[in-house]
Amino acid sequence: MLKTVILDGVARLEGERSPSAIYHILTGKRSAQTIQDSKLFHLHQYFGVLPKLRQYSFKNQLSDLIKGNDVVVEGDDMFLTDVGRKKLADQLNRHTYLSALNGFLYHESGREFWLRLILFIQAASNILKDEHHFFPVVEDPKIIRWVKRFYADHRSELSAMFNEIYDEMKVFLQELDEYQADIIVSRFSGYHHYGKSKEQIANNKNMNTEDVELYTQSAVHFILREIDKTPSAYPWLKQFVPERRAEGLLTHSARETWKLLSQEKKSIEEIIRVRRLKKGTIQDHIVEIAFADSEFDISPFMGKDDEKQILHLLQTVPTRRLKYIKNQLPEHLSYFQIRLVMARYHHLVSRKEEMASP
Amino acid sequence: MNITVDNIKQTMKRYFGYEDFRKGQKEIILELMKGNDVLGILPTGTGKSLCYQLPAFLLEGVTVVVSPLISLMIDQVKQLKMKGIKKVTYINSLMNPEERKRVIRHLSHYKMIYCSPEMLQNRYFIERLRELNVSLFVVDEAHCISQWGYEFRTDYLRLKHVLAWLEHPVVLALSATATPEVQKDIMEQLNRPQMLKKIYPMDRENIVLTVEHYRKQNDKLNRIAELLRRFPVPAMIYFSSKKWCEHAAARLQEELSDLSIVYYHGGMDKEDRLYIQQQFMNDQVDVVCCTSAFGMGIDKDNIRLVIHFHIPANVESYIQEAGRAGRDGEASVSLIQYTPSDEDIPLHLISDELPDEKQIESAAMMLSENYGKPIEESFELHMMETLQLNDIQWGFIKYQFECYGLISENRITLKKSDWKAVCPDIWDFMSTRMKQKQRKLNELLSYLEVEECRRKRLYKSFQNDFKEPLYHCCDRCGFTFDQWNPPVRTKVIKKYTWEQKLKEIFHQGE
Ligand SMILES: Nc1ncnc2c1ncn2[C@@H]1O[C@H](COP(=O)(O)OP(=O)(O)O)[C@@H](O)[C@H]1O
Ligand SMILES: [Zn+2]
């Protein structure tokens, strides 16, 4: 549920960031700050899962939480109360589906996968009954083009393929709990049948449309993860997965900087000249790149000893407040360098966690 | 060009699958093919769009269709594409600028281009149109050009200039409701006094007209529940606010669990709206509680009952909305529900359509501070946001300023001193518009009160007589719901598990 997600956000960002940081993560804002926040504070699973979330819906939910004494907001700071902490633990236990979310990895490909899937199911279900006139449930021309081509490529084996997709889908749906499976299937359209809209499902189940979206996204992310793990088990569905690119999460401008930096081997000073941007901006880009790319080499920007010193401090202090950290370090170390090491540190920690988990 | 009725019929059969013309279609198409301008007044649902879609494919060159109904234009393009007619596109202000640019860049690829009236302000677009050979220019909802009509759009006043600029293509002006006064105005405003008039009566002989009075709003809902329990038929219920739509749908659904009742209004997601619309067409949904945002492009022929929970703002809107009932010719009913002081709502809505004096004044000040600068989209959005204007209100202001030369060639040429001179004229114009709208509302209110036959009164200002009703006439002529026997579909609402639903969609186990 959106409220649970917000509580979780507050829990991880408390004392460090203001509520709007949660909003930006949920909507997947393409800014260096948001991308870093979501990684630093382990909120990447929620990154971009609700791109259409309205500011006022977010504020409404938050103010409900404040009224219910779960969350306290003072100026730019926010905290979880004990009641809120208990509620969060309880809700995370109940809504286990939330743990399948992996927005950072799948928020874009997931959406595309879902649209391709529902449009294809609608089309195949109709065409197999000889109905060629139906109103497509997806309007995005890019998706329509893809589905048309996919259909054209497999026209001759449509019926057999459709049966096999049914089998593949069923495996996934059976893994979900009944409630979630029902939401997903209600959204499918087929021959002489239009699926339920998000708002209809929300009204029937007495939840918000955002909750319906979270249920859907988590199911989709779950499917994508399974396909990533054993693609050979899903010969048809894996073809619906769009290709992902590593630079996908960078802002457009940072991507330009990346090109100059890595392909053309330009220095910061040269990039500043070529792109006519401020030094701070280019540095922001580089930090962004360091967060997106776990292999990014930061050694051109500082000596080994400086890096070690910063790293050591990061391992010992509980906060990610830059100002505080900077004050603990020798004068000559810049914010830029600290942020770069934060990115390295982040990758180190995630790698450790990955190895630790089964 | 030498095209016979047979040729036209063949093309129609091939692309649209229709065997015969409907009333008016052949006459209008033939005139257009001969190169004559036509003013066509045909009631909703009779197939106005075919009157230009077919010539678009028979004529050489491009057909441009101006329509203010964006969702309708999107639907039509989709439907044409579904029929295998690919060289059509639309362009409107709701598209993102990149998409719009892409379409404009490829304009020469299309046979048919739908556009919304604001696009007529877009010089780049108009210049590109001029490079093409526009052979037919269609003005849909042509009554919007007239200040006497029920729905006036300032952008339509630009049409005259656009037509001249495009070197006078053949013009087809279409509307479902236009009084003789409005018809005359359309021809004058388009500067085409020689247009051939093809006017078809709009009375519907299978729709019964009724009005009921109540004391409280809640009585209305109780009455609806009672009617739907007795007559579980496909129905539309019109409301003037989103809140009421949602509230009524929830309450009725609670009381009538055998029916599927939903709501639809302009505040919903595009995707949600599409689903509801298709479910209704597909008989998955029985009753839609809606605002006037619903219905455009609804092409469902078995709607039996149209209820106006809130009164419409004028007779024209009423005729259009009630006319969605009984397209298949079966006996259908239109019911208007009235409680005292219901007219306050449309009165309020009317004043919402125009900006108020303070907003215009502030707009003038903001513009004069930016003297000499071009008006860019971001600036317009900023204005609308700061002054709390909707796009119709801002369109009105912009057009007025252009008329008085305060904006020209999309640049601000307004100085503070000019403003003083023109503001009385603009106030005058606004108060005339307000009075006009109120007059229209009064017309409807007096229709509610008539003692004589409702049919006689309703169509009076549009046509001289009307067809003999097929089933019943109206409550004044003695109709009560006891006399109504609509076919009732008994439907079992199936409670499926997700496994069963999935099987059905994937045709498993059949
Ligand atoms: N000659 C025809 N024969 C059969 N159906 C037709 C014919 N012309 C139009 N239609 C159908 O009538 C319906 C209404 O047409 P439309 O152009 O949307 O009406 P209008 O714009 O007048 O409200 C559409 O479903 C259309 O397919
Ligand atoms: Zn009568």
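If you read the sequences in order, they're chains A and B. Residue numbering for the first sequence follows my numbering, beginning at 0 and increasing consecutively. Residue numbering for the second sequence follows my numbering, beginning at 33 and increasing consecutively. All residues carry an ideal CB built from backbone N, CA and C; glycine is no exception.
Under the three-state reduction of DSSP, K526(B) is assigned to coil, being neither helix nor strand. Identification of chain A residues near I60(B) by a Cβ-Cβ cut-off of 9 Å yields none; the smallest Cβ-Cβ distance measures about 26 Å. Straight-line spacing of the CA atoms in E278(B) and C321(B) works out to 7 Å. Runs of beta strand (DSSP E) with 3 or more residues, each lying fully within the region 70-158 of chain A, are found at 70-73 and 76-79, listed in chain order. No Cβ of chain B is located within less than 8 Å of the beta carbon of K147(A). DSSP places C435(B) within a helical segment (H, G or I) once states are collapsed to three. R443(B) sits in a strand when the DSSP states are folded into three classes.
In this structure, L12(A) is the residue among L39(A), L12(A) and D63(A) with its C-alpha nearest to the C-alpha of D76(A). When rounded, the separation of the alpha-carbon atoms in K197(A) and Q111(B) is 24 Å. Using a C-beta cut-off of 8 Å, the region 289-306 of chain A makes contact with the region 326-346 of chain A, since at least three inter-stretch Cβ pairs fall below that distance.
Note on geometry: alpha-carbon atoms of I120(A) and D139(A) lie some 16 Å from one another. In the DSSP assignment, S103(B) falls within the alpha helix (DSSP H) that extends over I102 to M114. Restricting attention to A282(B), E412(B), S292(B) and K248(B), the CA atom closest to the CA of P266(B) is found in S292(B).
Against I308(B), the close residues of chain A are S196, in the order they occur along the chain (beta-carbon pairs closer than 7 Å). Taken atom to atom, the span from the alpha-carbon of M300(B) to that of V37(B) is near 44 Å.
Annotated three-state conformation of P406(B) is strand, per DSSP.
The closest CA to that of P518(B), considering only I123(B), P225(B) and A357(B), is found on A357(B). For N314(B), the neighbours in chain A by C-beta distance under 8 Å run, in chain order, H191, H192 and Y193. Taking the Cβ of Y50(B) as the reference point, at least one heavy atom of ligand 1 falls within a distance shorter than 7 Å. Cβ neighbours of I377(B) within its own chain (closer than 6 Å, five residues either side excluded): S272 and H342. Taking CB atoms only, D304(B) has a neighbour in chain A less than 8 Å away. Across the set Q44(A), L1(A) and K86(A), the C-alpha of L1(A) shows the shortest separation from the C-alpha of K58(A). Of all residues in the region 52-64 of chain A, none is placed with a Cβ closer than 9 Å to any Cβ belonging to chain B. In the three-state reduction of the DSSP assignment, A345(B) falls in the coil class.
Bridge partners of V240(B) according to DSSP: V365(B).
By the neighbour-count definition (other C-beta atoms within 10 Å, threshold 16), K128(A) is an exposed residue. For the pair C435(B) and S478(B), the Cα-to-Cα distance works out to about 36 Å.
Rounded to the nearest angstrom, the gap between the Cα atoms of A20(A) and F290(A) is 17 Å. Sorting L152(B), T512(B), K58(B) and G72(B) by C-alpha distance to the C-alpha of Y232(B) places G72(B) at the top.
Using beta-carbon distances, Q311(B) counts as an interface residue toward chain A, with a partner under 8 Å. Distances from the CB of R508(B) to the heavy atoms of ligand 2 include at least one below 7 Å. The beta-bridge partner set that DSSP reports for V170(A) is empty. For P75(B), the number of other beta carbons within 10 angstroms of its own is at least 16, and it is reported as buried. With a cutoff of 7 Å, C485(B) counts as near ligand 2, since its C-beta is closer than that to a heavy atom of the ligand. Pairwise C-beta distances place the region 226-242 of chain A out of contact with the region 197-209 of chain A, as fewer than three of them are shorter than 8 Å.
With its beta carbon less than 8 Å from one in chain B, A180(A) belongs to the interface.
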